[in-house]
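Reading through the structure tokens given below for one structure.
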Amino acid sequence: MRVTVIGAGAVGGALAALLDRAGHEVSVTARGDHAVALTESGLTLDGGFGAHRAGVAVVARVPADTRLVIVATKANDTAAALAGVDVPSGCPVMVLQNGLGGDELVRSVLPGSPVGVGLALFAASLVGPGRVTVTAAAPLVIGGDARSVAVALPVLRAALPERVDVSADIRGAQWTKLVINQVNALPAITGLSVQQTVADDRLRRVLGAAMAETVAVGAALGVSWQAIGPVDAAALRPLQAPGAEGVAAGEELARMLARGMGDVPNPASMLQSIRRGRVTEVDQINGAVAAAGRAAGVATPVSDAIIALVHEVERTAAFVTPADAATRVSTTQD
């Protein structure tokens, strides 16, 4: 089957290589030195899913014989990435992104296509042009439009060494992933890996507060928390406790997630963007929490402070020390 991956970065690149290994014809969109390397030398995958060199076709437009499109760009790049790629009318699309809103945007741009949602739990890094490393092997959860899921499920299950689960409530699953994705911003602010962030007492408290705040917003909206890997409604329930108790529960959840990542440093996607001089997904992740909080009447001082810090690092290219980051978020809450 011809599968086209729009955005063959870390997650998209890992999937493209796995799909090639499973015997599919894979086309990808990419840019800059990465696109040149893919064209000249192929896509090299290593790490948690094993090693493979994939021969992928770098394209500017989606080939007419494509039977599944995977959109794996950063959420903030979605509109630009879809402009001019000419997705065949009615072709199923699976959107694999962090944060909220990406699938709605794809539906608005591609009204004739069934659109599903994918939530990647595995961690991957684009370590160089044409080179992707999976730093933590983990499952994939998909859901959304039944027609998209029906096409994507057997393709992805044949390609991924870990399991692919189907969620009956993809919105609830997205919110659970949004809690998990709170690990993303602090590395972008400080330049530390996720594991280093969680090991720092000051940053772990900020992370715990961000997670508890996200759970509070989701609860106010009536979100039905869905299981994403080891995180389910029971794991999130302690984060709804008021004050320091909820923050402490968030810290414990962060510890559990860090343990699951193993020893290979996980830079998270936002830090990868900072290192490449690109805009991060902070507005689609932490910004989504803040926007939902405003709609629900829930204050989000932690999210607001984190958003401001990430944008500062984007502008200045200068990381903030853990002590300064913790102090500035704490001051905002006071």
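Each number in the numbering used here comes from the position in the sequence shown (counting from 1) with 393 added on.
Even for Gly, the Cβ is constructed at its ideal location relative to N, Cα and C.
>> Spatial neighbours of HIS445 within its chain, please: C-beta separation below 6 Å, excluding the five flanking residues on both sides.
In response: Reading the sequence shown from its first residue, position 52 is the one you call residue 445. Hits under 6 Å: ALA410, ARG414 and LEU438.
>> According to DSSP, is VAL534 part of a helix, a strand, or is it coil?
In response: Mapped onto the sequence shown, residue 534 falls at position 141. Three-state result, VAL534: strand.
> Whose C-alpha, out of ALA530, GLY690, GLU645 and VAL640, is nearest the C-alpha of GLY655?
Replying inline: Numbered from 1 along the sequence shown, position 262 holds the residue referred to as residue 655. Ranking the options by Cα distance to GLY655, first place goes to ALA530.
> On the premise that LEU461 lies in contact with VAL548, defined as a C-beta separation below 8 Å, what is that separation, rounded to the nearest angstrom?
Replying inline: For this step, residue 548 is matched to residue 155 along the sequence shown. For this step, residue 461 is matched to residue 68 along the sequence shown. Rounded, the Cβ-Cβ distance is 6 Å, consistent with contact.
> Under the three-state reduction of DSSP, which class applies to VAL419: helix, strand or coil?
Replying inline: As a position in the sequence shown, residue 419 is number 26, starting the count at 1. DSSP places VAL419 in strand when its eight states are reduced to three.
> Around the C-beta of ASP496, are 16 or more other C-beta atoms found within 10 angstroms, so that it is buried, or is it exposed?
Replying inline: As a working note, residue 496 is residue 103 in the sequence shown. By the 10 Å Cβ count, ASP496 comes out buried.
>> Is there a Cβ of chain D sitting closer than 8 Å to that of GLY494, yes or no?
In response: In the structure shown, chain D does not exist; there is a single protein chain.
> What span of residues does the alpha helix (DSSP H) with ASP496 cover, start to end?
Replying inline: Residue 496 sits at position 103 when you count from the first residue of the sequence shown. Segment 495-502, the alpha helix (DSSP H) holding ASP496.
>> Can you tell me whether VAL510 is helix, strand or coil according to DSSP?
In response: Indexing the sequence shown from 1 puts residue 510 at position 117. Three-state result, VAL510: strand.
> Taking the alpha-carbon positions, what's the GLY402 to ALA566 distance?
Replying inline: Here residue 402 is taken as the residue at index 9 of the sequence shown, counted from 1. Here residue 566 is taken as the residue at index 173 of the sequence shown, counted from 1. Using only the alpha carbons, I get a separation of about 23 Å.
>> By the three-class DSSP mapping on this structure, what secondary structure does MET487 have?
In response: What you label residue 487 is simply residue 94 of the sequence shown in a count that begins at 1. Reduced to three states, the DSSP call for MET487 is strand.
> By Cβ distance, which residues of its chain are closer than 6 Å to SER482, with the 5 residues on each side in sequence left out?
Replying inline: Counted from its first residue, the sequence shown places residue 482 at position 89. Cβ neighbours of SER482 beyond the five flanking positions: GLY505.
> Roughly how many angstroms lie between the CA atoms of ASP558 and ARG550, to the nearest whole one?
Replying inline: Here residue 558 corresponds to residue number 165 of the sequence shown, with the count starting at 1. Here residue 550 corresponds to residue number 157 of the sequence shown, with the count starting at 1. Each residue's alpha carbon lies about 9 Å from the other.
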